[in-house]
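Trainee:
2 protein chains.
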Amino acid sequence: MTKSVPVVFIVDDASSVRKALERLVRSAGFNVETFASGEEFLQRKHHKGPSCLVLDVRLPGLSGIELQKKLVQENISVPIIFITGHGDIPMSVRAMKNGAVDFLPKPFDGKELLTAIERAIEKAVRIRQNETERARIERLLKTLTPREYEVLRWAITGMLNKQIAYRLKITERTVKAHRGCIMEKMQVESVADLVRITQKCGIIPAEK
Amino acid sequence: MTKSVPVVFIVDDASSVRKALERLVRSAGFNVETFASGEEFLQRKHHKGPSCLVLDVRLPGLSGIELQKKLVQENISVPIIFITGHGDIPMSVRAMKNGAVDFLPKPFDGKELLTAIERAIEKAVRIRQNETERARIERLLKTLTPREYEVLRWAITGMLNKQIAYRLKITERTVKAHRGCIMEKMQVESVADLVRITQKCGIIPAEK
DNA sequence: CCCCATATTGAACCAAAGTACAATTTACAC
DNA sequence: GTGTAAATTGTACTTTGGTTCAATATGGGG
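Protein sequences appear in the order of chains X and F. 0 is the number of the first residue of the first sequence in numbering that gives the first Met the number 0; add one for each residue after it. 0 is the number of the first residue of the second sequence in numbering that gives the first Met the number 0; add one for each residue after it.
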């Protein structure tokens with residue numbers, strides 16, 4: 000498992016800005032990819048490794064704010080640092096409410112941007128770890144049969160086998176059978192682990 | 000259990016602003032308390048029910064931003080809506096990074112403020128529910144003896160009694176005794192519940 | 001019609017959890 | 001020293017969890 004190098008995406012319509020920022024960010028040791036518009040950025044297929052986005056607010060076509068909204072809607076979680084020459088407070092507040100990491104009015108100090116990028120990359124790493132783990136669990140969940148899933152939802156409430164059996168109108172023996180399969184398929188060895196992993200992907204425990 | 004009425008705290012050094020805002024907010028059905036400075040607000044003892052804070056950025060003495068920082072440091076979680084006549088983008092961004100709900104430059108529409116207040120109160124309710132539950136759990140945790148706490152940290156890993164016994168160099172019988180006390184003191188009936196509640200207040204499971 | 005995944009159940013058995021009686025020791029406060 | 005909370009352990013017992021043999025039924029898909 001080689002450690003992937005963080006990538007910083009830069010979206011700005013002014014090529015001079017793109018070049019200057021690219022030079023700055025590269026000098027700090029990041030990989031960089033630049034785009035002249037939001038549409039261009041969207042066409043690129045998602046990056047697997049940790050990455051963040053330095054985004055101009057004002058862009059021809061899709062604006063920076065609109066791009067942010069689109070990314071949020073499509074559940075594409077890449078931390079965003081806004082830069083702008085003609086921003087105002089309501090705009091910056093809206094951007095931050097939507098989860099932006101930072102919002103820098105031009106002209107800004109290069110160091111400021113790099114600090115923001117580091118924070119953004121750290122956030123990206125955290126997000127990625129969560130998503131990876133979550134994806135793993137959901138992959139395992141899909142191998143469960145409908146009935147097993149049902150039993151799982153009861154099992155994580157801490158209910159006894161006989162109680163679950165009563166709820167599902169089946170015998171305790173059957174519940175045991177399902178539980179055995181569940182534990183194996185979910186690759187856990189205790190109910191405690193089962194509770195923990197199911198919490199990570201929003202499984203609703205059955206109601207007592 | 001009577002439902003407590005939300006309170007909106009208003010901190011502004013200009014009495015005309017305080018009066019105008021108070022009238023506006025009261026007309027929307029909230030209780031209001033006004034303060035002329037951050038120090039004044041801090042002296043008031045904490046409100047039990049849901050509340051939020053409408054805070055002027057520029058204040059004599061303790062500034063709004065400083066007050067926010069102080070509240071964050073002291074872990075006093077009251078959602079803040081900033082208002083300001085002379086703010087800039089970096090200021091608004093810093094405020095939002097520190098958890099502000101909104102940041103409104105004057106002049107603003109009264110409706111805007113009321114919308115923000117509603118969001119802030121909703122947030123306060125959520126926070127309060129969490130804190131209440133968390134406080135309950137921590138109260139129960141304090142009744143555990145040091146040894147019981149230790150056993151708890153192992154138990155929520157899903158480890159068998161005999162395995163825990165081995166780790167702690169005691170007999171399985173002793174572990175059972177501790178577990179019994181733990182379950183009673185924590186007012187739960189299953190390991191599943193134990194795992195869930197301990198997750199809510201950051202108990203670190205012992206390392207396998 | 002047969003295969004297969006799914007769901008269900010049985011008997012017997014062992015391991016683990018938990019409880020009802022306990023008793024003993026240790027350390028610390030008064 | 002005495003009292004108290006905490007920690008530890010024992011024996012015997014019941015309940016629950018889980019596995020190893022299974023077998024049976026059901027409902028498509030080929």
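In this text, a Cβ means the ideal position worked out from N, Cα and C, and glycines have one as well. What you are looking at is a predicted structure, and each value in this text was computed from that prediction instead of being measured.
(1) Measuring CA to CA, which of X:26, X:5, X:73 is closest to residue 52 of chain X?
(2) Look at residue 83 of chain X and residue 106 of chain X and say whether their C-beta atoms are less than 8 Å apart.
(3) Any beta-carbon of chain F closer than 8 Å to the one on residue 62 of chain X?
(4) Once the 5 residues before and after residue 76 of chain X are set aside, which same chain residues still bring their CB inside 6 Å of it?
(5) May I ask you to report which of helix, strand or coil DSSP gives residue 40 of chain X?
(6) Relative to chain F, which residues along the segment 169-192 of chain X have a C-beta separation below 9 Å, given in chain order?
(7) Would you mind working out which of X:203, X:149, X:136 sits nearest residue 187 of chain X, comparing C-alpha positions?
(8) So, using beta-carbon positions, are residue 48 of chain F and residue 66 of chain F closer together than 8 Å?
(9) Between which residues of its own chain and residue 161 of chain X is the CB-CB distance below 6 Å, once the five residues before and five after are set aside?
(10) How many Å lie between residue 39 of chain F and residue 81 of chain F at the Cα?
(11) From residue 57 of chain X to residue 10 of chain X, what distance separates their C-alpha atoms?
(12) Below 8 Å, can you find three or more Cβ-Cβ pairs linking the segment 88-101 of chain X to the segment 93-100 of chain F?
(13) Please report the residue range of the alpha helix (DSSP H) in which residue 51 of chain F lies.
(14) Consider the Cβ of residue 195 of chain X: report whether some Cβ of chain F lies at a distance smaller than 8 Å.
(15) Report all residues from its chain with a CB closer than 6 Å to the CB of residue 79 of chain F; omit the five preceding and five following residues, and keep chain order.
(16) Taking the beta strand (DSSP E) that residue 32 of chain F belongs to, which residues open and close that run?
(17) Are the CB atoms of residue 184 of chain X and residue 142 of chain X within a distance shorter than 8 Å?
(18) Mark residue 134 of chain X as exposed unless 16 or more other C-beta atoms lie within 10 angstroms of its C-beta, in which case mark it buried.
(19) Do residue 154 of chain F and residue 193 of chain F have their C-beta atoms closer together than 8 Å?
(20) So if I threshold CB-CB distances at 7 Å, which residues from the segment 147-163 of chain F count as touching chain X?
(21) Quickly, what does DSSP pair residue 104 of chain X with across the bridge? List them, please.
(22) Is there a Cβ from chain X that is less than 8 Å from the Cβ of residue 26 of chain F?
(23) At a CB distance below 8 Å, what residues from the segment 70-102 of chain X approach chain F? Give them in sequence order.
(24) Answer yes or no: does any C-beta atom of chain X fall closer than 8 Å to that of residue 128 of chain F?
(25) Measure the alpha-carbon distance for residue 150 of chain X versus residue 174 of chain F and round it to whole angstroms.
(26) Out of curiosity, what's the CA-to-CA distance linking residue 233 of chain F and residue 7 of chain F?
(27) On the three-state DSSP scale, how would you describe residue 7 of chain F?
(28) Where do the ends of the alpha helix (DSSP H) carrying residue 77 of chain X lie?
(29) In three-state terms, what does DSSP make of residue 117 of chain F?
(30) Contact defined as beta carbons within less than 8 Å: I believe residue 50 of chain X pairs with residue 115 of chain X. What is the distance between those atoms, to the nearest angstrom?
(31) Roughly how far, in whole angstroms, is the beta-carbon of residue 132 of chain X from the beta-carbon of residue 199 of chain X, given that I think they are within contact range, below 8 Å?
(32) Looking at the secondary structure, which residues open and close the alpha helix (DSSP H) in which residue 63 of chain X lies?
(33) Suppose the cutoff is 6 Å on Cβ atoms and the five residues either side in sequence are ignored; what does the same chain contact list for residue 163 of chain X look like?
(34) Quick one: measure Cβ to Cβ for residue 91 of chain X and residue 91 of chain F, integer angstroms, because I've assumed they're closer than 8 Å.
(35) Are the C-beta of residue 104 of chain X and some C-beta of chain F separated by less than 8 Å?
(36) Shortest alpha-carbon distance to residue 168 of chain X belongs to which of X:19, X:146, X:21?
Mentor: The structure says:
(1) X:5
(2) no
(3) no
(4) 126
(5) helix
(6) 187, 188, 189, 190, 191, 192
(7) X:136
(8) no
(9) 171
(10) 17 Å
(11) 10 Å
(12) yes
(13) Segment 50-55 is the beta strand (DSSP E) holding residue 51 of chain F; no alpha helix (DSSP H) there.
(14) yes
(15) 52, 54, 67, 99
(16) 30-34
(17) yes
(18) exposed
(19) yes
(20) 155, 156, 157
(21) X:83
(22) no
(23) 86, 87, 88, 89, 91, 92, 95, 96, 101, 102
(24) no
(25) 29 Å
(26) In the structure as shown, chain F starts at 0 and stops at 207, and residue 233 of chain F therefore has no counterpart that could be examined.
(27) strand
(28) Here residue 77 of chain X belongs to no alpha helix (DSSP H), and DSSP marks it neither H nor E.
(29) helix
(30) Wrong, their Cβ atoms sit about 14 Å apart, outside the cutoff.
(31) 6 Å
(32) 63-72
(33) 153, 174
(34) 5 Å
(35) yes
(36) X:146
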